[in-house]
Amino acid sequence: MGLIGHIMGLVFGGNRNVVAETVEVFKENAEKGAVRDADKQAAALAQFAKEFGVLERSNFDRVIDGLNRLPRPMLALGTIGLFVAAMGNPDWFAARMLGVATIPEPLWWLMGAIVSFYFGARYQLKGQDFQAKVVKAVADAQGAGTVTPSASGDYGDNPALLDWQAQLGR
């Protein structure tokens with residue numbers, strides 16, 4: 000019986016799980032595939048964190064950001080103020096609205112474009128800031144931290160970046 004057991008072990012793999020090993024040739028192991036996908040996603044997030052890490056904002060940036068927050072509340076409160084003025088002194092309000100009615104249409108178009116670009120740019124900037132904060136939070140959670148670009152241009156062993164730097168003469 001010992002000889003037959005050794006021969007069967009040579010043919011069918013001894014104490015190994017031959018069925019699982021054979022099946023993995025044709026179908027991916029789901030658990031190992033999930034681990035590889037998670038590692039790939041973590042590496043991509045760490046790379047994004049290195050590229051898009053945000054440095055601390057200066058006091059000037061904070062002041063300008065505070066000034067940029069004023070137009071929307073001023074527009075809202077100004078509109079409410081117009082309603083109050085119309086109820087408080089209708090003759091004064093009517094005289095002001097006659098002045099507004101004499102503004103030419105191209106100036107209204109220009110005003111609309113300026114307001115649209117202002118709020119559109121503000122919306123885009125806030126969206127980008129939010130994305131940068133998310134990337135930084137993920138990087139901090141994974142321990143990657145932020146990386147500041149080096150002035151030396153050290154790109155390691157990335158042949159594409161090294162070739163690009165050589166073409167620029169650096």
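Oh and the sequence shown: position 9 is 8 in the numbering used here, straight run, nothing missing.
Backbone N, C-alpha and C fix where the C-beta goes; we use that ideal spot for every residue, glycine too.
In the structure shown, residue 26 falls within a coil segment according to DSSP collapsed to helix, strand and coil. Residue 92 is positioned such that its CB atom lies no closer than 7 Å to that of residue 100. Residues of the same chain with a CB within less than 8 Å of the CB of residue 123, apart from the 5 flanking positions on each side, do not exist. Residue 137 and residue 87 have their C-alpha atoms spaced approximately 54 Å apart. If the five residues before and after residue 51 are omitted, its C-beta is found closer than 6 Å to the C-beta atoms of 131 and 134, all from its own chain and listed in chain order.
Residue 125 and residue 22 have their C-alpha atoms roughly 50 Å apart. A residue is called buried when at least 16 other Cβ atoms come within 10 angstroms of its Cβ; residue 120 does not meet this threshold and is exposed.
Less than 7 Å separates the beta-carbon of residue 141 from that of residue 45.
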